[in-house]
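K.L.:
Reminder that position 229 of the sequence shown reads as 229 in UniProt numbering, one-by-one numbering, no gaps.
Every residue gets a Cβ at the ideal spot worked out from N, C-alpha and C, and that includes glycine.
First, the structure itself, so that you have it in front of you.
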Amino acid sequence: MVADYAIELLQSLESREEERFFARALSLPLAAKQGWFEAVDTLLSIGIDPLAQDGAGRTALGYCAEYGQFAHEVCAEIILSYGKASDPLKCASWSTDDGCTPLLLAIDQGHEEMVRILLKNGCPVNEQGGLAFSPLGDLSPLGDAITKGLEGIVRQLIDAGAELRPDHIDAAKDGNSPGIKQLIFGYLRLLVHEYPDSWMEQMPDVIKHGDFKAVKLLLHRGAKYSFKNIVLAVRKGQPEVRGLFLELVHNYVAEFPNHTKEWLLKLAEEDDRDTLQALLDHGASAVWDGA
């Protein structure tokens, strides 16, 4: 019955040529917003563009992602069954719905099942939204889910291969969810183990943002450490990370005494007494004359 009403509405609006485009643009988003899945299916079957926008620039899929009730989940599955709707999800940008991707809309509202539907149908897991929504390009699905404490969605995004960034690790470390923190640090260790070469160059980020196990794993996989990294660990690392690098000072001093002394002089010039003393206490005193 709802489907019949939608068709009648469409036909009445299209009775005048000048309203044809307006009718096509409004009908599908309206039906999806209301959760009228029978109407959505019917409208799509007669050729309505699955990405049609209403007067506010919103799409049917955008409304489904935002509202996220069972009827909207059904609507989303129907919309995504049409190839023309799923293809743009795989593009690098999303210009409709104020630049907010369906995935970000679903996460923003905490709709876990809708996230599953979107990921299953090819929604890019690292999509950050258009410039209208995220002008600095710094909002990501994983970061948003971590910040909002959505552990189930964080798990889904990790399983889908989301990119892990330093700000994600910091958000998990500073957040109030032990479960999310465990997931993120476990994911970091997994990535370091599976893709060590790509993480070798990111050793400073792992030192500053990672945990003891991730750093130790990188070192065991052959990551080269420098005195710069030792200093960074002493200054910024977690206590266990700090201790791990302080244990390396003695060997570094023996192998690179001149370079060590240059760093000690630099620390003295910067008046970084705490870092300098920690290094001296762990073997750097062998090349330090107090100058």
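#1: Report the three-state DSSP secondary structure of residue 101 (helix, strand or coil).
#2: Quick check on DSSP: helix, strand or coil for residue 277?
#3: How do the region 229-243 and the region 189-202 stand: do at least 3 beta-carbon pairs fall below 8 Å, yes or no?
#4: Is the beta carbon of residue 184 closer than 8 Å to that of residue 153?
#5: Could you check what DSSP says for residue 34 in three-state terms: helix, strand or coil?
#6: If you check the beta carbons only, do residue 225 and residue 190 fall under 8 Å apart?
#7: Return the Cβ separation of residue 287 and residue 257 in integer angstroms, given the expectation that the two are a contact with Cβ distance under 8 Å.
#8: For residue 104, does the count of other Cβ atoms within 10 angstroms reach 16, so buried, or fall short, so exposed?
#9: Please state if the CB of residue 156 and the CB of residue 299 are separated by a distance shorter than 8 Å.
#10: Tell me, which residues are paired with residue 59 by DSSP?
#11: Suppose you measure from the CA of residue 265 to the CA of residue 236; what does that come to, to the nearest Å?
P.N.:
Taking the geometry as given:
#1: Start at 1 with the first residue of the sequence shown, and residue 101 comes out as number 101. Three-state DSSP puts residue 101 in coil, outside helix and strand.
#2: Along the sequence shown, read from residue 1 onward, the residue named residue 277 stands at position 277. Under the three-state reduction of DSSP output, residue 277 falls in the helix class.
#3: no
#4: What you label residue 153 is simply residue 153 of the sequence shown in a count that begins at 1. What you label residue 184 is simply residue 184 of the sequence shown in a count that begins at 1. Their beta carbons are not under 8 Å apart, which means residue 153 does not touch residue 184 by this criterion.
#5: The residue labelled residue 34 in the question sits at position 34 within the sequence shown. Helix, per DSSP.
#6: Position 225 of the sequence shown, counted from the first residue, corresponds to residue 225. Position 190 of the sequence shown, counted from the first residue, corresponds to residue 190. For residue 225 and residue 190, no; Cβs fall outside 8 Å.
#7: For the purposes of this step, residue 287 is taken as the residue at position 287 of the sequence shown. For the purposes of this step, residue 257 is taken as the residue at position 257 of the sequence shown. Contact between residue 287 and residue 257 holds: their C-beta atoms lie close to 5 Å from each other, under 8 Å.
#8: Locating residue 104 in the sequence shown gives position 104, counting from the first residue. Buried, since its Cβ has 16 or more Cβ neighbours within 10 Å.
#9: Look at the range of the chain in this structure, 1 to 291, and you will see that residue 299 is not part of it.
#10: By 1-based counting over the sequence shown, the position of residue 59 is 59. According to DSSP, residue 59 bridges with 53.
#11: Taking the sequence shown and counting its residues from 1, the one referred to as residue 265 is at position 265. Taking the sequence shown and counting its residues from 1, the one referred to as residue 236 is at position 236. Using only the alpha carbons, I get a separation of about 20 Å.
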